[in-house]
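Data block below; observations after.
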Amino acid sequence: MKRFALCLVLIGGLCACSHNNDPQIKADEAQAVYLATNLVNNGNSNTQSYVGPTINTMDANNTDQTFGLQAQKTAQGTKNYQLMVLLIYPNNWRLYDSASLVNQDKVTFNVVSREAGACFNGRCLMREMMAISLTEDFLIQHAKTGFQVNIHAQRGGESVLFVPSPYIIGFMDAADHQFQQGTQ
20 MKRFALCLVL
30 IGGLCACSHN
40 NDPQIKADEA
50 QAVYLATNLV
60 NNGNSNTQSY
70 VGPTINTMDA
80 NNTDQTFGLQ
90 AQKTAQGTKN
100 YQLMVLLIYP
110 NNWRLYDSAS
120 LVNQDKVTFN
130 VVSREAGACF
140 NGRCLMREMM
150 AISLTEDFLI
160 QHAKTGFQVN
170 IHAQRGGESV
180 LFVPSPYIIG
190 FMDAADHQFQ
200 QGTQ
């Protein structure tokens, strides 16, 4: 139930961030990412969660891509990292079901939600949210280069995302700093 509630908070946050009128945080500004990374309260679970700002892009397939990093640290000190992705597109379901990193095998991929959004004249906006697991080592290795994620659909095609180097640096600095403060 707690996991479901956290997913709802993240969905709401990603949706709200993707449609607000506030200035967008530029992915090439590590300091802005550092400052915009927030601690999310997980109630009584003794887990600290950090949510980075979202990056919004549009791909060649008319897919609105909203994505950002998040991290959790358990009371035992274990850190888990995920790239949270919200893809919004018109018409038929694509049913995204896997992801791969460039020059690597497929990664752990979880569908968080699928829902049809606003409809007009029989055409609807489809929303698919997913969580892609990443390791701390992977993020450290790609802090200077950034990384590309290919998200594959059951019905063919893919969505390609790029997480830039300064975003990773700003997020990792903020999460590491805040993790350290939380343990003192």
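Heads up: the sequence shown runs through residues 20 to 203, numbered per the numbering used here. Quick reminder that beta carbons are idealized off the backbone N, C-alpha and C, glycines included.
Query, Result
"Under the three-state DSSP convention, the category GLU155 falls into", "helix"
"N-terminal and C-terminal residue of the beta strand (DSSP E) that GLN67 is part of", "67 to 70"
"Distance between beta carbons of SER68 and GLN95, contact taken as under 8 angstroms", "15 angstroms between Cβ atoms; not a contact."
"Contact between the stretch 48 to 59 and the stretch 155 to 163 (3+ Cβ pairs under 8 angstroms)", "no"
"Boundaries (first-last residue) of the alpha helix (DSSP H) holding GLN50", "49 to 55"
"MET149 versus VAL130, PHE157, ALA135 and GLY136, residue with shortest Cα-Cα distance", "VAL130"
"Segment contact flag, the stretch 97 to 113 with the stretch 71 to 86, C-beta cutoff 8 angstroms, min 3 pairs", "yes"
"PHE166, buried or exposed, once every other Cβ within 10 Å from all chains shown has been counted against 16", "buried"
"Identity of the residue in VAL59, LEU180 and MET191 nearest THR76 by Cα", "LEU180"
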